[in-house]
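Going letter by letter, the sequence shown gives residues 1 to 235 in this note's numbering. No residue lacks a Cβ here, since even glycine has one placed at the ideal position from N, Cα and C. Inspection log for the structure reproduced underneath, given as structure tokens.
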Amino acid sequence: MPRSFRPIGIRPSQTAAQAMDSNGNLFFGLVAQNAIACWDSTTPYNPSNMRIISQNSETLQFPSGVKIVRNRKGAEELWVLTCRLQKFLTGSLNTNETNFRIQAIQIPELLGYKSSCRVPFNTAVRNFQRRGHYFIGIRRIMTKLFEWFMAAACFLSVYFAIILRQVKHELLDQYMLEIQLSPIFLVLIFGLFSATVVLYRTFTFNNCEEAAKELMEQIKEAKADLRRKGLVLSD
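Take a look at the structure:
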């Protein structure tokens, strides 16, 4: 029997409403992140191609309605209806507060006067590099574990062959006690080596300069994006 629904991808969190403009940009709310995001429909449908264009923990709680409206001047506008659904469900809604909002903005202004909400190339490359570094790191770890496993298997094979007298030699009989205690010595040596490595890494730990530089670059990109939208932040 054919499936009624065929999954094509995932979003960063749940969505209650969505709308697409004339350029193929899909706008939707991210409930768990109190944000509005967009996706260029010409790109693969996955979180790496989805861009948060507005986020506010107070004014964008539960975006329950999203609609594209063309104004009298012919420009498309994004209209978003938000509400504090979580407070309504828990019975903690305060009528003295603003609990429902209707917000609107022209899409060209929202996208920095670009026709596409595609994720910037440098951001996409950085995300790809992070995933690449992650998988490379996992592969290296698995390779090292396999090497250690094979070395341990070889050692145990030889060890039990000697202990069970499958290999006979006068020299082995002479040092049988030392051979029997060799696993204990190896464990002690490995423990001392591990402790030495931990102490060395602790005393030579740097201040994560590369991570700090990358964070500063992201902050500069965010400020530049805000400047294009008419918002200027002081340094």
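Would you mind reading off the limits of the beta strand (DSSP E) that contains I107? From DSSP, I107 is part of no beta strand (DSSP E) but of the alpha helix (DSSP H) over I107 to L110.
Below 8 Å, how does it come out for the stretch 22-37 and the stretch 58-65: are there three or more Cβ pairs, yes or no? Proximity of the stretch 22-37 to the stretch 58-65 meets the contact definition, three or more beta-carbon pairs being nearer than 8 Å.
E77 - partner residues in DSSP beta bridges
V69 and Q106
| What is the rounded straight-line gap between the Cα of R84 and the Cα of T15? | 15 Å
* Is DSSP giving D173 helix, strand or coil here? -> Looking at D173 - three-state DSSP - the assignment turns out to be helix.
Please tell me whether S116 and D21 are closer than 7 Å, where the distance is taken between their beta carbons.
no
> According to DSSP, which residues form a beta bridge with T82?
Replying inline: P63 and R101
Practice task
Report buried or exposed for F28, applying the criterion of at least 16 other Cβ atoms within 10 angstroms of its Cβ.
Solution key: buried
(message) Looking at the strands, I want to know which residues DSSP matches up with C38.
(response) BP columns for C38 point to F27 and R51.
Original post:
Just curious, the beta strand (DSSP E) that Q18 is in, first and last residue?
Top reply: Q18 to M20
From Q103 to T42, what distance separates their C-alpha atoms? The straight-line gap from Cα to Cα measures roughly 27 Å.
Backbone secondary structure at P12 - three-state DSSP = coil
task: Note down the Cα distance separating I53 from K87, rounded to an integer number of angstroms.
output: 25 Å
Subject >> Cβ neighbours of G65 in the same chain (closer than 6 Å, five flanking residues each side left out) >> reply: Residues A17 and L81 of the same chain have their beta carbon placed closer than 6 Å to that of G65, with the five preceding and five following residues left out of the count.
Original post:
What is the DSSP secondary structure of Y113, counted as helix, strand or coil?
Top reply: coil
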